[in-house]
Structures are given as C-alpha cells and as structure tokens.
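Participant: The sequence shown lines up with residues 0 to 193 when you count with numbering that gives the first Met the number 0. Backbone N, C-alpha and C define an ideal beta-carbon position, used for all residues, glycine too. Please read all numbers here as calculations on a predicted model, not as lab measurements. Could you have a look at this structure, given as structure tokens, before my questions?
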Amino acid sequence: MMAKILIVDDEESIRFTFDSFLSDEGHEVTTAGEYNEALDIISRDEFDLIFMDIVLGGKTGIDLLKEVKKMGLHCHVVMITGYPNVETASAALRLGAFDYIFKPVKQEILLHITGMALQNKALRDENEKYRANLEAIFKSVKDAIITVDKDMAVLQANEAAEKICGLTSGSSGGNFGAIQTDCNSKCLEALKKT
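Following this line, the structure appears as structure tokens:
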C-alpha cells in the first residue's frame, strides 16, 4: 500500500534514512527540517502518516501535533525522540499520536510501525465511509426508521418517522411505548417481535 508520508526532524541524517527506508517500500516521502517548514507543508498537502521529532528547535513536535489535530487532519502521527521520557510520551498519546518511538530507529521497527499505522488508517477511513453511507440512507429513505435500545428507549428516528408517526426530535431517549403517536401501537407490536 503506497502512502504519502511526511518526516519532520531537525537531523538531516534521520530525514535521509527514513526517506530512504520508506521510499524503498514504495511510499511517497516528503521531509521537513523544522516546525514552520512542516506547518507550511501540512497546510497545503495531505498525508497518510507523519513521523515527527519531539525536539524541533524553538517549537516542539508536541506543538506541531496540536496544530495537526486543530487542523482536523485525517492522518496518523508517530512521535520520535532521542530523549525519551514519560511526560512527553503521555502528552503525545493523550493528544492523539498513534505511537511514540525512540532513536535510533531500526529499519524493521520503522516499517512495522508504518504498516500498522497505515492499516489502522485504512480501517478508520473505511468505517467512516460506511458510517456516512448509512447516515445518507437513514436520512433519505421514505419509510419510517426508528431505532430503539433493549429497553425500548428511542435512540434515533429519521425524518420519515417524524412525519409518518408524529415523532419529534424530543422523542429521542424517551420510551417508545410511552410516546403517544398515531401509529405507535402498530409499530410497538412490530418492535416487540424483533
């Protein structure tokens, strides 16, 4: 699976090594040597995965991770550091980093983490696509759709259910059997059978 990957590290040798390892695997790699350069690149291009160093001169990789999350980018971020400590690791993971690895990074570790991150992103993207499709169907179907939990509390009702059954958006969370609508006795019987 070819991916677009950004490497952000102030050490040229790390950028070169990561670029070489990942390019040899067929990935399209872009590199940045400092915070502002990386911010400029991510503001105009999309990536599947970003590897970023914690120490980037004046600003940190944690600062850049915050920007990535603030921008709502749909990519995984793996933090790399030559100075591991619990505080930065926990901060990075709390902010949504996919992983946190220590220098020196061996080729097999880099490729393994890359594969895991890309596989996880593909699954997440696929789930989001299915969710969006189901939501579109739920909203557009002309038949009434009402979802309830095991206690018959209304979880969701589509627009058709609101029109046909007289449900309102305030019905959500209420017990379906207690909601007075024109059709709920027939619907209630059908729901009890499922």
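1) Give, in chain order, every unbroken run of the alpha helix (DSSP H) that is at least 4 residues long and sits entirely within the region 80-130.
2) Give every residue of the same chain whose Cβ lies closer than 7 Å to the Cβ of G81, excluding the five residues on either side of it in the sequence, and list them in chain order.
3) Any idea what DSSP makes of V54, helix, strand or coil?
4) Please name the residue, chosen from D47, E158, D98, V7, that lies closest to L72 on a Cα-to-Cα basis.
5) Can you tell me whether DSSP reads I144 as helix, strand or coil?
6) Whole angstroms is fine: what's the gap from S22's alpha carbon to V28's?
7) Look at the Cβ atom of C164, then the Cβ atom of A131, and state whether they are nearer than 7 Å.
8) How would you label H111, buried or exposed, when you count the other beta carbons within 10 angstroms and need 16 or more for buried?
9) Please identify the residue among S139, G32, I6 whose C-alpha is closest to the C-alpha of N157.
10) On the criterion of 16 or more Cβ atoms from any shown chain inside 10 Å, does A37 qualify as buried, or is it exposed?
11) How many whole angstroms separate the CB atoms of M1 and H26, which I take to be in contact at a CB cut-off of 8 Å?
Facilitator: On the basis of the supplied data:
1) 85-93
2) K102
3) Residue state for V54 is assigned as strand, using DSSP reduced to three classes.
4) Per the C-alpha coordinates, the member of D47, E158, D98, V7 positioned closest to L72 is D47.
5) Shown here, I144 sits in coil according to DSSP, grouped into three states, outside any helix or strand.
6) Between the alpha carbons of S22 and V28 lies a gap of roughly 6 Å.
7) no
8) Classification of H111: exposed, given that the 10 Å Cβ count is below 16.
9) S139
10) buried
11) 6 Å
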